[in-house]
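Notes for the one structure printed next.
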Amino acid sequence: GKCGAIESLEILTSEFDGRSRGYGFVTFATEDAARRCVRTYHNAVWRGGRRLFAQPALPPHLERLRREKTTPPPTKRDAAAADEPRQQQQEQKPPPPGRPGPDAPAP
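In the numbering used here, the protein residues as written are 19 to 125.
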């Protein structure tokens with residue numbers, strides 16, 4: 019490749035139709051080649067005007083840490099908004115046949 023020797027290349031594809039999912043992984047022979055690739059291709063314009071996003075891959079445990087640091091924790095408002103649709107669904111359910119609803123008079 020233009021940046022250095024490539025050891026492996028994996029393009030991820032859809033399991034349903036076999037088409038590219040739009041991303042993949044390249045393993046270079048040296049770290050210098052990988053860094054050169056990121057400098058050269060990150061934010062470069064690709065065919066059809068699409069921008070490339072190139073970054074070094076991290077081992078899974080480090081990727082989880084990176085995501086935890088960059089994803090803000092949910093707020094109380096977010097949690098309330100997430101619960102709201104469930105509460106509305108529960109309120110709209112009619113009682114099962116043969117059973118009195120919550121507003122029915124006690125026997």
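Note that beta-carbon positions come from the ideal geometry of N, C-alpha and C, so glycine has one too.
Just so you know, these numbers come straight off a predicted model, no measurement behind them.
Under the three-state reduction of DSSP, Arg84 is assigned to helix. The C-beta of Ala51 has 16 or more other C-beta atoms within 10 Å across all chains shown, which makes the residue buried.
Gly36 has its alpha-carbon roughly 28 angstroms from the corresponding atom of Arg85. Distance from the Cα of Ala23 is smallest, within the candidate group Ala47, Pro74, Arg82 and Gly67, for Ala47.
Annotation for Gly66: no residue places its beta carbon closer than 7 angstroms to its own, counting only its chain and skipping 5 residues before and after. Closest option to Ser32, judged by alpha-carbon separation, among Leu70, Leu83 and Tyr41: Tyr41. In the three-state scheme derived from DSSP, where H, G and I count as helix and E and B as strand, Arg68 is classed as coil. When the five nearest sequence neighbours on each side are left out, the beta carbons in the same chain lying within less than 7 angstroms of the beta carbon of Phe43 are those of Glu28 and Ala75, in order along the chain.
Here DSSP, grouped into helix, strand and coil, assigns Arg53 to helix.
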